[in-house]
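If you read the sequence shown in my numbering, its first letter stands for residue 2, the second for the next number, and so on.
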Amino acid sequence: MTATAVRLNQGQPVRVHVRGHDHEGEVVSATRSRATVRYVNQFGEERITKLPIGEVVVR
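Structural data, given as structure tokens:
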């Protein structure tokens with residue numbers, strides 16, 4: 002089974018799971034295999050992380 006292709010655009014709202022927590026964030030940039038996502042962690046700090054495309058869920 003293959004995942005449905007979804008194009009990630011800059012500024013698009015997404016949900017990511019990082020270090021045991023789910024976060025709401027937005028796409029900063031994306032390539033075919035990785036996405037850079039900006040989110041606010043559970044401590045209120047703004048973070049930017051690169052994740053594989055399969056770990057980013059479009060809201």
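Where a beta carbon is used, it is the ideal one built from N, C-alpha and C, also for glycine.
Legend entry - Spatial neighbours of D23 in its chain, beta-carbon cut-off 8 Å, leaving aside the 5 residues before and after: R16 and V17
Inset, instruction - Report the option in L52, S34 and E27 whose CA atom is closest to the CA atom of Y40. - result: E27
Inset, instruction - Ignore the nearest five residues each way along the sequence and tell me which others in E47's own chain have a CB closer than 8 Å to its CB. - result: R39, Y40 and V41
Inset, instruction - Return helix, strand or coil for E56, following the three-state DSSP convention. - result: helix
Inset, instruction - Taking only the alpha-carbon atoms, compute the straight-line gap between G45 and E25 and give it to the nearest angstrom. - result: 12 Å
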